[in-house]
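Have a look at the structure below before the remarks.
2 protein chains.
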Amino acid sequence: METLDENAGVISASKVTGTNVYNTEGDLLGEIHDVMLDKRSGRIAYAIMSFGGFLGIGEQYHPLPWATLKYDTRQGGYVVGLTREQLQGAPTFALTDSPAWGDRAYETRIHDYYKTAPYWGV
Amino acid sequence: METLDENAGVISASKVTGTNVYNTEGDLLGEIHDVMLDKRSGRIAYAIMSFGGFLGIGEQYHPLPWATLKYDTRQGGYVVGLTREQLQGAPTFALTDSPAWGDRAYETRIHDYYKTAPYWGV
């Protein structure tokens, strides 16, 4: 787990990766596995949160719209306003899956689930 | 060096990292070391291109505004419209430096050098 400098609005993708994700109750939900970037618009699309599994085996991934993540200096990680139960129904994929990045129908379902505005505008 | 899927507008930061950067003459300039993200605006700020050095020792870094990079499928890497000579005068830092990310004066100098619009808008 990395500890980010909370004052830096501009942070490196390599530091975001590995940061823990908690919910507002303080439960550890997972950690950031990667960050998805939209080349054309220049926008950060998703943080990919890994959860479950052990040493990478059986891990699953939730694509979290970037706007859902708030950095919490006290926790030293990101906080999302989701219970474990809410996450259980959230879009997920396995390492062997190829999510349909760039497919607006697929991506709209992600944003609808989290009730966030799509990063590509509407 | 990674080969990116040119059809995917949405790509992972971990795949961008390690991708070669060429100029329009086909000269290898360096490779992407990391990606800088602006947390607040949700925008991709810079690709950090490493160059020089050997096995990480003596390496230097150029922050390239994200908009300067075009992916070229033929080259299997990013192409920037800069000669080696133009890059020699470009903003650079060493691994031991702490660039003033988020400092608009510092960042404006980077964007001015590359004649790109600042990612934070004007």
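In order, the protein sequences belong to chains A and B. Heads up: the first sequence is residues 186 to 307, going by my numbering. Heads up: the second sequence is residues 186 to 307, going by my numbering. Where is the CB? At the ideal position from N, CA and C, for every residue including glycine. Note that the structure is predicted; figures quoted are calculated from it, not measured.
Restricting attention to alpha helix (DSSP H) runs no shorter than 4 residues, the segment 196 to 237 of chain B encloses them at 198 to 201, ordered along the chain. Those residues of the segment 200 to 231 of chain B placed with their C-beta closer than 9 Å to a C-beta in chain A are Lys200, Val201, Thr202, His218, Asp219, Val220, Met221, Leu222, Asp223, Lys224, Arg225, Ser226, Gly227, Arg228, Ile229, Ala230 and Tyr231, ordered along the chain. Under the three-state reduction of DSSP, Leu280 of chain B is assigned to coil, being neither helix nor strand. Annotation for Ala252 of chain A: Thr301, Ala302 and Tyr304 place their beta carbon closer than 8 Å to its own, counting only its chain and skipping 5 residues before and after. In this structure Asp219 of chain A touches Ser199 of chain B by the C-beta definition: roughly 5 Å separates them, less than 8 Å. Distance between Arg294 of chain B and Val195 of chain A, taken at the CA atoms: about 16 Å.
Comparing C-alpha distances from Phe278 of chain B to each of B:Gly238, B:Tyr207, B:Thr209 and B:Thr204 shows the shortest one belongs to B:Gly238. In the same chain as Tyr299 of chain B, and ignoring 5 residues on each side of it, the C-beta atoms closer than 6 Å to its own belong to Pro250 and Thr253, in chain order.
With a cutoff of 9 Å on beta-carbon distance, Tyr263 of chain B and Pro248 of chain B are scored as not near each other.
At a cut-off of 3 residues, the continuous stretches assigned as beta strand (DSSP E) that sit fully inside the segment 242 to 301 of chain B are 245 to 250, 255 to 257 and 262 to 265. Rounded to the nearest angstrom, the Cβ distance from Gly227 of chain B to Ile229 of chain A is 5 Å, consistent with a contact under 8 Å. Residue A:Tyr246 holds the alpha-carbon nearest to the alpha-carbon of Thr281 of chain A among A:Tyr246, A:Arg269, A:Gln260 and A:Glu270. With a threshold of 9 Å between beta carbons, Gly266 of chain A makes no contact with chain B.
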